[in-house]
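Enquirer:
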Ligand SMILES: *[C@@H]1O[C@H](CO)[C@@H](O)[C@H](O)[C@H]1NC(C)=O
Ligand SMILES: *[C@@H]1O[C@H](CO)[C@@H](O)[C@H](O)[C@H]1NC(C)=O
Ligand SMILES: *[C@@H]1O[C@H](CO)[C@@H](O)[C@H](O)[C@H]1NC(C)=O
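What follows is the structure, encoded as C-alpha cells:
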C-alpha cells in the first residue's frame, strides 16, 4: 500500500517522484563510504596451512590478517574459515572472528533448515594451495596467501573466484574510546558496537550478465555501477519510487546469478544487514579497456561484483550451476520453495484503499456480476479497522463483518484484510496493553519501548524475534481473537520493512534492540541484537508469525494466503509479494515484468504489481494493457491510492470494460494451468514466470530480454507496455531447435526465427503456446474460480515439428492440505500421432473430481486421423472429429472421459 502518506501526498499532490533526500547514498552510509574505496594491492588475509582440518563435508582453517606494510610479518587478527560442500554442487564459505568481543549476528530465517551435506575430499596440499573436490566433480582451489578461493566447474574450468580483487574484509569488533556514532539528517545512530562491516568480491568468469538481488527497478540484467551508486539492499518504504534506479526498495534478497554461453553460477550472500553491491561487467561500454586488460587480460566475458554489509559474519553460498535452472533449483533447495497456495489466490483480486463500508463492498461484488467479470477476492485496506487498531473492525462502517464475508463466500468469493505490524499506542487497546504488560515491543537504544509514527499515529512494533511475542501475535489470528474472520478471510501484511514515518529513512533506527536467545555470560551489548543486524529479515519474521497463526486457526487444515511487501530470502515459504506503491504510468507497467522476473529467479514466483498503478489515475488504454499483462502474471490484483478517482472496470467506457472483462476471462480459462504451474513450483522450486534464458540458455539474444517471459516452459508472453502501438517487436526463441509457436486464439503457427514484428490491436497482447506442449483450459468462465471446480476441460495440444506434445494437469480440492494424504491428481498428458494418454504420475494418489474432458484441440496437424477411439476402464467409444482453419486444427469433440481416471485415445490414419 502507500508510503509516507497523506501529509506528504497532500502537500505535493501534483508533483510525483521520490524524495531522494530521505534515503542515503553510499556516501551517507558510514560503512559504504568507508568500504567502497577499499581495494588494497594485495589482500591482508591469509590461511594458515598448518591448521587445515577436513572433517566430513567441512574444511576448517585459521585465517589471519597480516600487516603487509610492516617489515616483519605481524599478525593483526585471527579468524576461522569454514568451507563446506553441500548437495547439488553448492558450496558454503563462512568467515568469523575466532574470538569475537561479542557474538556476531547470523541471519536466522532465510535457510529452510540445515543445508544437506555432500562429501568434501582434500585432493592435494602443495605449493601453498589446497585442492578439494565434492561428489559431483566440482573442484575448489584455495590459495593460502593471500587468501583466494576458486570454484571449478565439472570440466575443470574456473567458474567463480572469491577475493581475487582483494576486497575481503571482516572488520573485527573492538573495544575503543572512539565515538563511532553517525548522523543522517536529524537522526542519530549510536552504533554501540562500532564498525563491524563485512565485504567480499566475487568474480564470475565467462559470464555475459549478472541478475538478481531484487528488489530494484533497474532492469533484469544488472548494470555496471562504477559510475554512480551501487545497488542497495535495505528494506525501505520508498514513497513514489522511481524507475531505472539502484536505490533500495521494500525487498532485499541477496541472491545473484551470472550467465553466459558456457555456464551459469550463483551466489547467495547470507546476511540480513544493510548491503550495497557493486557490479563491473567488462563487456560494458562504460568499462575502460585498460581496466579490462588489467583485470581480465582482455577477456570481456566476465563480471566482477562485490558485496558490502554493515554487520554480521561473512557467509556466502556458491552455486555452480551448470544451467540457470540448476542455479534456481540450488537456491530454492537452500531457502525453500513456495508451498501450494489456495487455488483461488491465483485468480483475480480487487483492492482499493479503501472500500469504505459494507455497502461499498457489496456494491463492488455486485458490479462484478452485473458486468460479468470474474472475481475471487475483495480486499480491505487499513480503513476497515477501528482507528487503525488491527484485529478490530470499524463498528460503524463494518458492523457485520461475518455476514459480509458470508455473502462473498456464498458466491465462492473471499476476502483479504490488512494487518500491519505497527501497533497503535492507545490505552485500552488490548494488543497494546498486552504488549506493554509483557514487554513484547522492540526497544530503543536505551532499552525503553521504542515509539515511532505510522498510520495510527504513535506506534510501537512487535519484536517477532522473541518466540513468546511471535506466538502471541500468531494467536491474534484465531477466530475467537479476530471476530468476523473465517477460513475465507486471508491476510495482507504491509508496511513491514518496517515503515516508520518519523524514523531514519522512514524505518526503524538501527540501534533499536531486538530479542536475542539468552546465553550464559552474555550481558550488555551481547544480550540483544540491534535492528542493524536483523533489519532485512524483520518482515520475514512478521509473515512467519502470521503464517503460523493462520495455520493454527484451523488446526492446520487450510492453506493460508498472505501478501507481504517487505521480502527477504525465504519469503516464498510464507507469502506472495507485490511490487509496492507503483504509479499509473507506462514505465511502471514495463517495470512490473523485470521486477517480477528478478523476484522469480530469487525464489519468489508469486509476484505481481498493482494493476492500473497505485498512484494516479490510469487512462483507458493503460489500464487495458495492465489488465492484459496482469492476467499473465502470477499475482493478479488491482489496487489504488485513496485519493485517486475510482476506477473499477465498469467505470470506464463500455468498450474498455469489455476489454478488461476479456483479459480477466483469459485468466480464468487458464486457472488450472496456473494451478498446475504452482504445484510444480512447490515440488521443483523453478520459477513460474521465467526469463527466456532459463529455457534457451545458449541463445545470447535472450540474455537481456526483460519485456517478455515464459510461463513454465509453455506460454510465451509479451505484454504491450507501449502506448498507441500497432505492432511490437517480439523475440520468438528456439530457432535452432525448430521450435514452433502458436497463437492460442487462432492457432496460427509461427516458426521461431528470432525477432518478428507482431501486429497488435487493443483487444489482446501477444501470447504464444510453444509447439510440443499441452495446456488445460476451462471454457465456461464463472463468477469465481471456485464455481468452476467441476467444469469440463479443453486440452489444447500444440504440436512440435515431430508432431508430438506433452503437458501436465494438477487437480485437488483447492484449499486444504489433503493433497499431502494423496488426495490429488497429477497427470501427465502425452500426444503422439497414434496415441494420446492421460496417466497419473503418482498412481497411489487420486481425487474424485467431477470434471470431464469436453474437447481436445490439436493445432499444427498436417495429416488428420481417420478415426479416434477413447479407452477408459472398460469403456471404448468412437469419437467425432472436425477439421478447422486450413485443415491444420483438429477438434476432437466430447470425448467425455472422466478426469478422475486415466484414459487413452488411439488414432488411425
Ligand atoms: C560523536 O560523533 C557524532 C557524529 O559525528 C556527533 O554528532 C556527536 O556529537 C559525537 N558525540 C560525542 C560524545 O562526541
Ligand atoms: C448480505 O446479503 C444480503 C442479501 O443480499 C443483504 O441484504 C445484506 O445486507 C448483506 N450483508 C452485508 C453485511 O453486506
Ligand atoms: C524431434 O525428435 C528428434 C528425435 O527424437 C529430436 O532430436 C528433436 O529434438 C525433436 N524435434 C523437436 C522440434 O522436438
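Residue numbers (the numbering used here): 29 to 937.
We treat Cβ as the ideally placed atom computed from N, Cα and C, and that holds for glycine.
Computed from a predicted model, the values in this text were never measured in an experiment.
How should residue 57 be labelled, buried or exposed, when 16 other C-beta atoms within 10 angstroms of its C-beta is the threshold for buried?
Expert: Here the question's residue 57 lines up with position 29 in the chain shown. Answer is buried; the Cβ neighbour count reaches 16.
Enquirer: With three or more beta-carbon pairs closer than 8 Å as the criterion, would you say the segment 258 to 276 touches the segment 217 to 229?
Expert: Contact fails: fewer than three Cβ-Cβ distances are below 8 Å.
Enquirer: Taking residue 337 as part of the beta strand (DSSP E), name the residues at either end of that continuous run.
Expert: As a first step, residue 337 is located in the chain shown; it is residue number 309 there, counting from the start. Residues 330 to 337.
Enquirer: Could you compute how far the alpha carbon of residue 804 sits from the alpha carbon of residue 696?
Expert: As a first step, residue 804 must be located in the chain shown, where it is residue number 776. As a first step, residue 696 must be located in the chain shown, where it is residue number 668. Rounded to the nearest angstrom, the two C-alpha atoms are 11 Å apart.
Enquirer: Should residue 828 be counted as a contact of ligand 3 given a C-beta to heavy atom distance under 7 Å?
Expert: Locating residue 828 in the chain shown gives position 800, counting from the first residue. It does: the Cβ of residue 828 is within 7 Å (strictly closer) of some heavy atom of ligand 3.
Enquirer: Are the Cβ atoms of residue 880 and residue 900 separated by less than 8 Å?
Expert: Counting from one through the chain shown, the residue named residue 880 turns up at place 852. Counting from one through the chain shown, the residue named residue 900 turns up at place 872. Cβ distance not < 8 Å, so residue 880 and residue 900 don't count as in contact.
Enquirer: Under the DSSP definition of a beta bridge, which residues are partnered with residue 305?
Expert: Residue 305 sits at position 277 when you count from the first residue of the chain shown. According to DSSP, residue 305 bridges with 259, 335.
Enquirer: From residue 525 to residue 266, what does the alpha carbon distance come to, in whole angstroms?
Expert: For the purposes of this step, residue 525 is identified with residue 497 of the chain shown, where counting begins at 1. For the purposes of this step, residue 266 is identified with residue 238 of the chain shown, where counting begins at 1. Each residue's alpha carbon lies about 10 Å from the other.
Enquirer: Cα-Cα, which of 785, 719, 379, 629 is closest to residue 294?
Expert: As a first step, residue 294 is located in the chain shown; it is residue number 266 there, counting from the start. Selected option, being the one with the closest Cα: 629.
Enquirer: List the whole-angstrom C-beta distance separating residue 725 from residue 351, where the pair is believed to meet the contact cut-off of C-beta under 8 Å.
Expert: Against the chain shown, residue 725 aligns to sequence position 697. Against the chain shown, residue 351 aligns to sequence position 323. Confirmed, about 5 Å.
Enquirer: In its own chain, which residues sit with a C-beta less than 7 Å from the C-beta of residue 923, not counting the 5 before and 5 after it?
Expert: In the chain shown, the residue the question calls residue 923 occupies position 895. Hits under 7 Å: 881, 884, 898, 907, 933.
Enquirer: From residue 76 to residue 102, what does the alpha carbon distance come to, in whole angstroms?
Expert: Walking along the chain shown from the start, residue 76 turns up at place 48. Walking along the chain shown from the start, residue 102 turns up at place 74. Residue 76 and residue 102: Cα-Cα distance of roughly 14 Å.
Enquirer: Per the contact definition of three or more C-beta pairs closer than 8 Å, is the segment 125 to 139 in contact with the segment 546 to 563?
Expert: A contact exists between the segment 546 to 563 and the segment 125 to 139.
Enquirer: Taking the straight line between their C-alpha atoms, what separation do you get for residue 927 and residue 395?
Expert: Taking the chain shown and counting its residues from 1, the one referred to as residue 927 is at position 899. Taking the chain shown and counting its residues from 1, the one referred to as residue 395 is at position 367. So the two alpha carbons sit approximately 34 Å from each other.
Enquirer: Label residue 642 either buried or exposed according to how many other C-beta atoms from any shown protein chain fall within 10 Å of its C-beta, with 16 as the threshold for buried.
Expert: As a first step, residue 642 must be located in the chain shown, where it is residue number 614. Residue 642 should be labelled buried.
Enquirer: Would residue 75 count as contacting chain B if we go by Cβ distances under 8 Å?
Expert: In the structure shown, chain B cannot be found, because there is only a single protein chain.
Enquirer: Is it buried or exposed for residue 31, if we count other Cβ within 10 angstroms and need 16 for buried?
Expert: Within the chain shown, numbered from 1, the residue matching residue 31 stands at position 3. At residue 31, the pLDDT of 47 sits below 50, so the modelled position is not reliable; the number obtained from the coordinates is stated separately. The residue is buried, with at least 16 neighbouring Cβ atoms inside 10 Å.
Enquirer: Excluding the 5 residues flanking residue 587 on each side, which residues of the same chain have their C-beta closer than 8 Å to its C-beta?
Expert: The count along the chain shown starts at 1 and reaches residue 587 at position 559. Same-chain partners within the cutoff: 367, 368, 369, 370, 843, 844, 845.
Enquirer: What residues are listed by DSSP as bridge partners for residue 784?
Expert: By 1-based counting over the chain shown, the position of residue 784 is 756. Note: residue 784 sits in a beta bridge opposite 758.
Enquirer: When DSSP builds the beta bridges, which residues end up paired with residue 284?
Expert: Translated into the one-based positions of the chain shown, residue 284 becomes position 256. DSSP output for residue 284 lists 240, 295 as bridge partner(s).
Enquirer: Are there 16 or more other CB atoms within 10 angstroms of the CB of residue 682, so buried, or fewer, so exposed?
Expert: Along the chain shown, read from residue 1 onward, the residue named residue 682 stands at position 654. So residue 682 counts as exposed.
Enquirer: With distances taken from CA atoms, which of 344, 201, 632 is nearest residue 663?
Expert: What you label residue 663 is simply residue 635 of the chain shown in a count that begins at 1. It is 632 whose Cα lies nearest to the Cα of residue 663.
Enquirer: Tell me whether residue 550 counts as near ligand 2, meaning its Cβ is closer than 7 Å to at least one heavy atom of that ligand.
Expert: Within the chain shown, the letter at position 522 stands for residue 550. No, Cβ of residue 550 sits at least 7 Å from all heavy atoms of ligand 2.
Enquirer: Taking the straight line between their C-alpha atoms, what separation do you get for residue 176 and residue 466?
Expert: Walking along the chain shown from the start, residue 176 turns up at place 148. Walking along the chain shown from the start, residue 466 turns up at place 438. Those two C-alpha atoms are separated by around 49 Å.
Enquirer: If you draw a straight line from the alpha carbon of residue 29 to that of residue 418, how long is it in whole angstroms?
Expert: Here residue 29 corresponds to residue number 1 of the chain shown, with the count starting at 1. Here residue 418 corresponds to residue number 390 of the chain shown, with the count starting at 1. With a pLDDT of 45 at residue 29, under the threshold of 50, the modelled position of that residue is not reliable, and the figure given next carries that caveat. Roughly 15 Å separates the two Cα atoms.
Enquirer: Report the rounded CA-to-CA distance for residue 91 versus residue 324, giving the unit in angstroms.
Expert: For the purposes of this step, residue 91 is identified with residue 63 of the chain shown, where counting begins at 1. For the purposes of this step, residue 324 is identified with residue 296 of the chain shown, where counting begins at 1. Cα to Cα, residue 91 sits roughly 27 Å from residue 324.
Enquirer: By Cβ distance below 6 Å, which residues in the same chain neighbour residue 541 in space, the five residues on each side in sequence not counted?
Expert: Counting from one through the chain shown, the residue named residue 541 turns up at place 513. Excluding residues within five positions, the ones whose Cβ falls inside 6 Å are 471, 556.
Enquirer: Out of curiosity, what's the CA-to-CA distance linking residue 65 and residue 263?
Expert: By 1-based counting over the chain shown, the position of residue 65 is 37. By 1-based counting over the chain shown, the position of residue 263 is 235. Distance between the alpha carbons of residue 65 and residue 263 is about 24 Å.
Enquirer: Report all residues from its chain with a CB closer than 8 Å to the CB of residue 157; omit the five preceding and five following residues, and keep chain order.
Expert: In the chain shown, counting from the first residue as 1, residue 157 sits at position 129. Taken in chain order, the residues that qualify are 169, 170, 171, 172.
Enquirer: Just checking my contact of residue 857 with residue 836 at CB under 8 Å: how many whole Å lie between their CB atoms?
Expert: The residue labelled residue 857 in the question sits at position 829 within the chain shown. The residue labelled residue 836 in the question sits at position 808 within the chain shown. That belief holds up - the Cβ atoms of residue 857 and residue 836 are roughly 7 Å apart, short of 8 Å.
Enquirer: Is residue 110 near ligand 2 - that is, is its Cβ less than 7 Å away from at least one heavy atom of it?
Expert: By 1-based counting over the chain shown, the position of residue 110 is 82. Checking the Cβ of residue 110 against ligand 2 gives no.
Enquirer: Using only the alpha-carbon positions, how far apart do residue 40 and residue 810 sit?
Expert: As a position in the chain shown, residue 40 is number 12, starting the count at 1. As a position in the chain shown, residue 810 is number 782, starting the count at 1. In this prediction, residue 40 scores a pLDDT of 43, lower than 50, which makes its location untrustworthy; no coordinate-derived value is stated.
Enquirer: Spatial neighbours of residue 786 within its chain, please: CB distance less than 8 Å, with the 5 preceding and 5 following residues excluded, ordered by chain position.
Expert: Against the chain shown, residue 786 aligns to sequence position 758. Within the same chain, residue 786 has close Cβ partners 746, 755, 756, 757, 758, 794.
Enquirer: Apart from the five residues on each side of it in sequence, which residues of its chain come closer than 6 Å, Cβ to Cβ, to residue 656?
Expert: Start at 1 with the first residue of the chain shown, and residue 656 comes out as number 628. Contacts found: 691, 793.
Enquirer: Please confirm whether any heavy atom of ligand 3 lies closer than 7 Å to the CB of residue 800.
Expert: The residue given as residue 800 occupies position 772 in the chain shown. Yes, the Cβ of residue 800 comes within 7 Å of a heavy atom of ligand 3.
Enquirer: Determine the burial state of residue 51: buried for a count of at least 16 other Cβ atoms within 10 Å of its Cβ, exposed for fewer.
Expert: As a working mapping, residue 51 is identified with position 23 in the chain shown. Answer is buried; the Cβ neighbour count reaches 16.
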